[in-house]
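Student: Next up is a structure, given as structure tokens.
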Amino acid sequence: HDVIRITVQPESQVVAEGSRVSLTCWATGPPGLTYQWFCGRQEVPGATAPELMVDTAAPLGLPRWYICRVSCGAAFAFSRWAHIQVERSHSPESASGYCPSMAGLQILQQPRPCRLAEGDPLVLECRALGNPPPQYQWFRNRRPVEGARAPQLQVQLVTTAERGTYSCRVFNLFHELWSQEVDVEIGPRLFASGAPWQDGDGDSPEPGSPDQLYATDKVALLVGNMHYVHHKHLRAPMVDVHALGALLRQLDFKVVSLLDLRRDEMQMAVDEFLLLLDKGVYAGLLYYAGHGYENFGTSFMVPIDAPGSYTSAHCLCVQHVLQRMQQRRTGLNIFLLDMCRKRNLNDDVIPQVGALEVTANIVFGYATCADAEAYELSQQGELSNGVFVTFLKRWLLEDEKITVLLDKVAEDMGTLELTRGRQALELRSNLSERRALTDPIRPLGQAETSARNLQWAKAHGVCRHRDPQRVGTWRGRPRVLPESRHLRFDCGVTVQLGFAAEFSNIMIIYTRILAAPGDVTECVAKLTDLPEELDVDLKCTNRESPEELGSPLVPTWSVTCPSCCLYSRLCGLQRLRQELTFTVCLQYRYRHVADFVEERRAVSVGRPLIAKLNLSPPDPGKLPASGGSGSPLSASPPSSWGNSPEENLSPEVPGSHGV
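Here full-length UniProt numbering is used: the first residue of the sequence shown is 1, the next is one more, and so on.
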């Protein structure tokens with residue numbers, strides 16, 4: 001309360017000769033504040049109120065700079081200076097009233113055109129004087145810039161989203177003026193520091209050439225929903241997400257891959273994904289495989305807990321996610337939607353989606369056309385990729401502009417006889433530059449990179465290590481798990497506890513007997529007391545071989561696991577609300593003794609992988625048993641799957657809007 005704060009500052013003004021001008025200064029602080037106005041260095045006699053009236057009929061030779069001192073005892077604070085510019089009048093009418101002439105609103109400083117590279121700061125300035133004080137509103141491409149109501153327009157790190165024609169509207173109660181229109185041109189940040197950028201001809205640039213585009217970072221969120229509570233189960237999302245994740249990591253993407261998410265978990269996963277995107281991040285890629293629908297041009301992703309007659313209230317709107325990505329000022333936004341786009345007849349609400357910004361950096365790759373279905377294939381009962389990913393993974397590593405790459409995928413999909421006339425890739429894009437998934441990463445700045453990598457490390461619980469190819473940056477491994485540990489029991493048996501991962505929310509735990517005393521003839525270590533909130537199928541715990549877990553992705557991690565182990569598969573780590581604790585139960589038998597002896601050891605491994613992000617709310621609803629399957633193969637295949645070529649094609653069932 002002892003601090004004096006100026007809350008209302010006096011404003012500079014341009015007025016007509018002979019009019020009266022009001023200057024105002026208000027402050028907060030301790031009781032008994034006193035005011036004193038100054039004109040130049042001289043006190044204005046009797047000017048001891050928050051408001052000062054200035055008569056411009058006084059001689060023009062006097063100083064016209066005013067300032068107010070607010071004091072209380074020995075403490076004081078000064079307002080900022082206010083300048084009063086008096087315009088001479090050539091007609092008696094102009095001096096007869098308070099309303100100034102057209103000269104009463106005057107732009108003193110015009111904005112200037114500029115040519116910037118991505119990552120540079122943008123500063124445009126328009127200054128005006130008037131009475132009443134002027135207000136400002138900035139426009140880009142003749143559309144108002146949200147929140148830009150100050151004389152200075154600033155953007156700390158520009159992307160191509162900010163380029164365009166800018167102007168400023170200056171107005172007060174009586175008049176309105178427009179600044180001149182200026183062009184802001186923004187090109188890619190080039191390899192050669194400080195070199196001017198030029199528009200390329202569209203051909204593939206050589207690495208290190210002046211036309212090479214660089215990414216400041218590349219981030220991907222991959223979501224696959226399979227085991228729906230009230231709808232047909234799907235088969236392909238698991239292998240689709242895994243295949244894309246492996247390829248994107250080869251392109252230096254930070255990948256978060258998740259399976260079987262509820263509505264709140266999908267929303268919170270998107271929220272955390274957006275935290276990895278900030279101004280200057282080159283590519284944000286969102287891939288979704290699962291049930292979906294499209295009403296009135298707006299797409300919706302269906303979570304696994306959606307009710308039988310779901311509506312938009314139960315789903316995630318893709319366009320809303322895009323709007324939030326645009327707010328993060330990413331350089332490239334890619335959506336790959338592997339879902340049906342049939343209309344949902346249960347949802348008659350017209351989506352109210354606000355207008356998207358014109359950013360020239362959006363790419364939509366739909367697995368199928370509007371009002372059509374997307375399909376997955378069966379190959380003699382084995383899991384395989386869906387139609388879209390089957391062809392997408394052939395081209396994903398190619399050094400092509402992303403829209404050119406998707407065009408080639410569309411051409412390949414057209415060669416598949418089973419889906420010809422039923423499913424065709426649809427590409428929507430306003431991408432104006434040659435941007436590719438293969439563009440190399442060149443971090444923008446240490447502060448931005450460090451903040452993003454901290455969020456990345458949080459998402460994966462990673463250890464960080466030096467990347468020799470990028471001096472000064474840290475790169476996280478997306479699959480670093482709890483460290484392997486050795487448990488020594490009272491009987492002298494030593495058990496190894498190891499970990500492997502399939503996805504960011506699916507973990508494998510294995511136990512192995514390392515050493516045992518000579519008088520112990522048989523022993524086995526099993527996991528028990530696993531948290532109830534996890535998806536744990538008892539048929540997928542304490543199995544003697546990885547293949548018994550029923551996961552088609554076993555070959556991707558089992559090669560690093562030792563032999564003679566017991567394996568358990570834990571799904572739904574995003575639902576873990578506290579540290580992962582369980583019990584290792586050691587059962588052993590001594591020589592010449594028929595009965596087994598049991599020892600138990602409680603183990604805590606913290607919050608592994610995605611569990612660190614608290615995607616699950618404090619009190620989540622319980623899913624029915626049909627939705628809690630731990631293994632993607634534990635459910636019976638849909639009855640529509642058969643052996644004939646026509647039956648091998650599995651479209652959605654009526655009303656299911658599925659893949």
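Glycine residues also receive a C-beta, built at the ideal position from the N, C-alpha and C atoms.
Beta carbon of alanine 243, beta carbon of valine 389: below 8 Å?
Tutor: For alanine 243 and valine 389, yes; Cβs fall inside 8 Å.
Student: Strictly by DSSP, which residues pair up with phenylalanine 596?
Tutor: According to DSSP, phenylalanine 596 bridges with nothing at all.
Student: Under 8 Å between the Cβ atoms of glutamine 326 and threonine 359?
Tutor: Yes, these two residues count as a Cβ contact at 8 Å.
Student: Can at least three beta-carbon pairs, one atom from the segment 245-264 and one from the segment 500-519, be found at a separation below 8 Å?
Tutor: Yes: at least three Cβ pairs fall under 8 Å.
Student: At which residues does the alpha helix (DSSP H) containing phenylalanine 391 begin and terminate?
Tutor: That run of the alpha helix (DSSP H) goes 387-395.
Student: Tell me the DSSP secondary structure of tryptophan 138 in three-state form.
Tutor: Strand, per DSSP.
Student: When you compare the segment 542-554 with the segment 485-494, are there three or more beta-carbon pairs, one atom per stretch, that lie closer than 8 Å?
Tutor: Touching, no, given that fewer than three Cβ pairs across the two stretches are closer than 8 Å.
Student: Check the DSSP bridge columns for tryptophan 26 and list the partner residues they point to.
Tutor: Answer is Val8, bridged to tryptophan 26.
Student: Specify, as a first and last residue, the run of the beta strand (DSSP E) that methionine 339 falls within.
Tutor: Here methionine 339 belongs to no beta strand (DSSP E), and DSSP marks it neither H nor E.
Student: So who's on the other strand from tryptophan 65, going by DSSP bridges?
Tutor: Paired residue(s): His83.
Student: Classify leucine 514: buried if its beta carbon has 16 or more other beta carbons within 10 angstroms, exposed otherwise.
Tutor: By the 10 Å Cβ count, leucine 514 comes out exposed.
Student: Could you tell me whether the segment 408-421 touches the segment 340-356, using the rule of 3 or more Cβ pairs below 8 Å?
Tutor: In short, these stretches do not touch, since the Cβ pair count stays below three.
Student: Exposed or buried, which one is threonine 173 when buried takes at least 16 other CB atoms within 10 Å?
Tutor: For the sequence presented, residue 173 should be read as leucine rather than threonine. Leucine 173 comes out exposed.
Student: Quick one: is the Cβ of isoleucine 402 within less than 7 Å of any heavy atom of the ligand SAM?
Tutor: Absence of the ligand SAM from the depicted structure is noted, as is the absence of any ligand whatsoever, leaving it without description.
Student: In the DSSP output, which residue or residues are listed as bridge partners for arginine 112?
Tutor: BP columns for arginine 112 are empty, so no partner.
Student: Whose C-beta lies closer than 6 Å to the C-beta of alanine 516 among residues of the same chain, with five residues either side of it excluded?
Tutor: Result list for alanine 516: Val493, Cys523, in chain order.
Student: Contact check, tyrosine 366 vs arginine 422 under 8 Å by CB: the rounded distance?
Tutor: Contact doesn't hold; Cβ gap of about 14 Å is too wide.
Student: Assuming contact is defined by CB atoms lying nearer than 8 Å, are aspartate 519 and arginine 591 in contact in what I supplied?
Tutor: Closer than 8 Å, so yes.
Student: In the DSSP assignment, the beta strand (DSSP E) including phenylalanine 499 goes from what residue to what residue?
Tutor: Taken as a continuous stretch (DSSP letters only), the beta strand (DSSP E) holding phenylalanine 499 covers 494-503.
Student: Helix, strand or coil for isoleucine 402, going by three-state DSSP, please let me know.
Tutor: In the structure shown, isoleucine 402 sits in a helix (DSSP, three-state: H, G or I).
Student: For the alpha helix (DSSP H) holding threonine 556, just list the boundary residues, first then last.
Tutor: Counting along the chain, the alpha helix (DSSP H) containing threonine 556 begins and ends at 554-557.
Student: Using the C-alpha atoms, what's the distance from glycine 290 back to asparagine 346?
Tutor: Near 18 Å, if we compare the C-alpha coordinates of glycine 290 and asparagine 346.
Student: Out of curiosity, what's the CA-to-CA distance linking lysine 232 and glycine 550?
Tutor: Near 20 Å, if we compare the C-alpha coordinates of glycine 550 and lysine 232.
Student: Which class does arginine 324 belong to by DSSP, given the choice of helix, strand or coil?
Tutor: Arginine 324 falls in the helix class under three-state DSSP.
Student: Measuring straight from C-alpha to C-alpha, what distance separates glycine 386 and alanine 372?
Tutor: For glycine 386 and alanine 372, the distance between alpha carbons rounds to 15 Å.
Student: Nearest by alpha-carbon distance to isoleucine 67: which of Ser12, Cys585, Asn225, Leu247 is it?
Tutor: The shortest C-alpha separation from isoleucine 67 is found at Ser12.
Student: Quick check on this structure: which residue in Tyr35, Val559, Val404, Tyr214 has the alpha carbon closest to the alpha carbon of tryptophan 26?
Tutor: If we check each option's Cα against that of tryptophan 26, Tyr35 comes out closest.
Student: To the nearest angstrom, how far is the alpha carbon of serine 19 from that of glutamine 85?
Tutor: Serine 19 and glutamine 85: Cα-Cα distance of roughly 12 Å.
Student: Less than 8 Å between the beta carbons of arginine 169 and valine 184, yes or no?
Tutor: Contact: no.
Student: Would you kindly work out how many angstroms separate the C-alpha atoms of leucine 316 and methionine 301, rounded to a whole number?
Tutor: Near 5 Å, if we compare the C-alpha coordinates of methionine 301 and leucine 316.
Student: Measuring straight from C-alpha to C-alpha, what distance separates isoleucine 186 and alanine 16?
Tutor: Rounded to whole angstroms, isoleucine 186 to alanine 16 spans 42 Å at the Cα level.
Student: Within a Cβ cutoff of 8 Å, which residues of the same chain sit near glycine 354, ignoring the five residues on either side of it in sequence?
Tutor: The answer, listed in chain order, is Gln323.
Student: Could you spell out the range, first to last residue, of the beta strand (DSSP E) harbouring leucine 487?
Tutor: 485-488 is the extent of the beta strand (DSSP E) around leucine 487.
Student: What number of angstroms, rounded off, separates the C-alpha of glutamine 267 from the C-alpha of tyrosine 228?
Tutor: Cα-Cα distance, rounded: 17 Å.
Student: For serine 79, which residues from the same chain have a beta carbon less than 7 Å from its beta carbon, with the 5 sequence-adjacent residues on both sides left out?
Tutor: For serine 79, where only same-chain residues beyond five positions count, the Cβ hits under 7 Å are Ile6, Gln9, Pro10, Cys25, Ile67, Cys68.
Student: Could you say which of Ala215, Leu213, Phe253 lies nearest to leucine 221 if we only look at CA atoms?
Tutor: If we check each option's Cα against that of leucine 221, Phe253 comes out closest.
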